[in-house]
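Undergrad: Have a look at the structure that comes next, please.
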Amino acid sequence: QEDEESPELNQDETPSTTARRGGTKMDWSNADLVQLANAMAHGRVDNRRMQRAIYQEALDRLRMDRGGGDDTDGRTRRPDHERFQPWEVSILLWVQARMYLRGSIDPVFEAFARQGPRWLLQEKQRHGSGATLADIGIGQQEQANLAWSLTVLENYEQPSSLRLLHIIFEEVSTFKREDFLLEHAHQLWQAAFVLGHDCPEALETLPPDFRTFLQHMWEVEKSRQKKSSMRHQTISSTLKTMGVAHTNEHDEDIDVAIVLKKPKGAASGAWTYQAEQIVASSDEKDSKFRVAVEFDGPKHFTRGAAPRALGHTVLKYRLLKQQGWAVVRVPYYDWDRIPYWSTMEQQRYLQRLLKTHPNLKFSDVDVSEYKPVGSNRQSRFD
59 QEDEESPELN QDETPSTTAR RGGTKMDWSN ADLVQLANAM AHGRVDNRRM
109 QRAIYQEALD RLRMDRGGGD DTDGRTRRPD HERFQPWEVS ILLWVQARMY
159 LRGSIDPVFE AFARQGPRWL LQEKQRHGSG ATLADIGIGQ QEQANLAWSL
209 TVLENYEQPS SLRLLHIIFE EVSTFKREDF LLEHAHQLWQ AAFVLGHDCP
259 EALETLPPDF RTFLQHMWEV EKSRQKKSSM RHQTISSTLK TMGVAHTNEH
309 DEDIDVAIVL KKPKGAASGA WTYQAEQIVA SSDEKDSKFR VAVEFDGPKH
359 FTRGAAPRAL GHTVLKYRLL KQQGWAVVRV PYYDWDRIPY WSTMEQQRYL
409 QRLLKTHPNL KFSDVDVSEY KPVGSNRQSR FD
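So this is what it looks like as structure tokens:
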């Protein structure tokens with residue numbers, strides 16, 4: 059299963075630089091592939107055709123590096139100076155997580171996410187039984203990136219990924235705390251928190267005192283003063299006009315937090331997002347709904363005609379849901395369609411999104427009623 063080859067890319071859909079089975083015709087160096095993938099990720103460029111070509115070529119090269127002698131499809135193993143460096147593979151996995159490139163988009167991404175951790179473990183073994191990740195060029199930054207990337211991609215249950223996470227958490231805990239960068243601590247804390255719910259066995263080598271340290275670093279960052287964007291302020295002002303009590307810039311880095319006390323005897327779906335509502339307490343008197351309203355600006359999405367949420371955004375919402383929040387997203391490409399001066403339309407949009415009111419009365423003749431859109435109809439935002 060793990061060694062199963064990914065499907066060949068359709069040559070008609072592939073640029074001239076794409077790898078071809080039985081030997082490569084891409085004459086770019088490993089560094090060229092990594093730098094292009096990294097540049098596209100930082101620019102949020104979602105060029106699927108080029109991404110497939112890069113990851114197919116990288117996957118082919120990793121498979122050629124595997125084992126000794128001739129590879130299974132007739133390609134000769136490349137000499138050592140042409141092999142990928144471990145830190146280069148860690149960057150490609152980070153790019154994949156950053157752009158949220160998963161198997162549902164193309165099988166080559168799923169295949170690379172499986173092969174990358176396996177290859178890294180083989181490289182570590184190639185340097186001797188006592189070699190550490192740092193010995194093969196995977197330092198604090200790369201280890202934090204890897205733990206974060208495997209968590210975002212939900213690639214932590216296959217044996218090689220699980221083993222790699224064990225090694226990472228064991229090794230990073232030995233680094234000097236005063237040398238830890240805030241960004242790396244945050245990546246590790248996010249990974250540890252999500253894995254604690256989704257895959258607890260991945261944390262078997264994480265010392266409790268180091269986990270406490272990561273949590274402290276996370277809390278320090280979240281306690282900093284935050285400044286709301288203009289769009290966020292407009293949403294907050296609109297909710298205030300609608301009479302919806304809320305908190306801006308919540309401690310959990312939530313744009314707009316709404317905590318509603320559950321009325322006695324009320325149905326669980328009485329207010330918002332019926333499928334995702336979470337009751338914070340088993341005591342009926344103290345039960346509350348916690349709703350996180352998140353405005354997602356352009357930097358939360360890829361660039362292109364069909365924006366997709368980036369990996370850090372997807373992971374944030376997984377974190378919030380595991381903390382007991384129902385997440386309601388307001389994407390910029392919906393909100394920005396509403397004229398800035400049309401406050402009534404902004405209220406209607408939030409009314410339908412949050413299901414806050416059965417109706418909004420703007421005047422005796424202008425009433426906005428909430429009614430679910432029928433299966434045979436589309437809203438103005440579809």
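Going by the numbering used here, the sequence shown runs without a break in its numbering and finishes at 440.
Yeah, the Cβ is synthetic: ideal placement off N, Cα and C, and Gly gets one too.
Run through the DSSP bridge pairs and tell me what I316 is partnered with.
TA: V349
Undergrad: Over the uninterrupted alpha helix (DSSP H) stretch that includes R366, give me the two end residues.
TA: No alpha helix (DSSP H) contains R366, which DSSP labels as neither H nor E.
Undergrad: Going by DSSP in three states, D392 sits in which element: helix, strand or coil?
TA: helix
Undergrad: Please give the ranges of any alpha helix (DSSP H) in the region 132-195, keeping only runs that are unbroken, at least 4 residues long and fully inside the region.
TA: 144-156, 165-184
Undergrad: From R269, V92, Q173, P365, pick the residue whose C-alpha is nearest to that of D123; which is it?
TA: Q173
Undergrad: Pull up the distance between the alpha-carbon of R235 and that of A315, whole angstroms please.
TA: 33 Å
Undergrad: Given a cut-off of 8 Å, decide if A169 and L223 are closer than it, judged by their beta-carbon atoms.
TA: no
Undergrad: If we ignore side chains and look at the alpha-carbon of each, how far apart do W86 and L150 end up?
TA: 15 Å
Undergrad: Per DSSP, what kind of secondary structure is V230 in: helix, strand or coil?
TA: helix
Undergrad: Under 8 Å, do D392 and F353 count as touching if we go by C-beta distance?
TA: Note that the C-beta distance between D392 and F353 is not below 8 Å.
Undergrad: Measuring only the C-alpha atoms, how far is K413 from T209?
TA: 32 Å
Undergrad: Skipping 5 residues on each side, what residues in its chain have a beta carbon closer than 8 Å to that of W177?
TA: L120, D123, R124, F142, V147
Undergrad: Please report how far the alpha carbon of R39 lies from the alpha carbon of H185, in whole angstroms.
TA: Look at the range of the chain in this structure, 59 to 440, and you will see that residue 39 is not part of it.
Undergrad: Could you give the residue range of the alpha helix (DSSP H) that holds L412?
TA: Counting along the chain, L412 sits inside the alpha helix (DSSP H) bounded by residues 401-412.
Undergrad: For the alpha helix (DSSP H) that contains Q109, what are its first and last residues?
TA: Taken as a continuous stretch (DSSP letters only), the alpha helix (DSSP H) holding Q109 covers 106-123.
Undergrad: Is it true that the region 266-275 meets the region 243-250, where meeting means three or more beta-carbon pairs spaced less than 8 Å apart?
TA: yes
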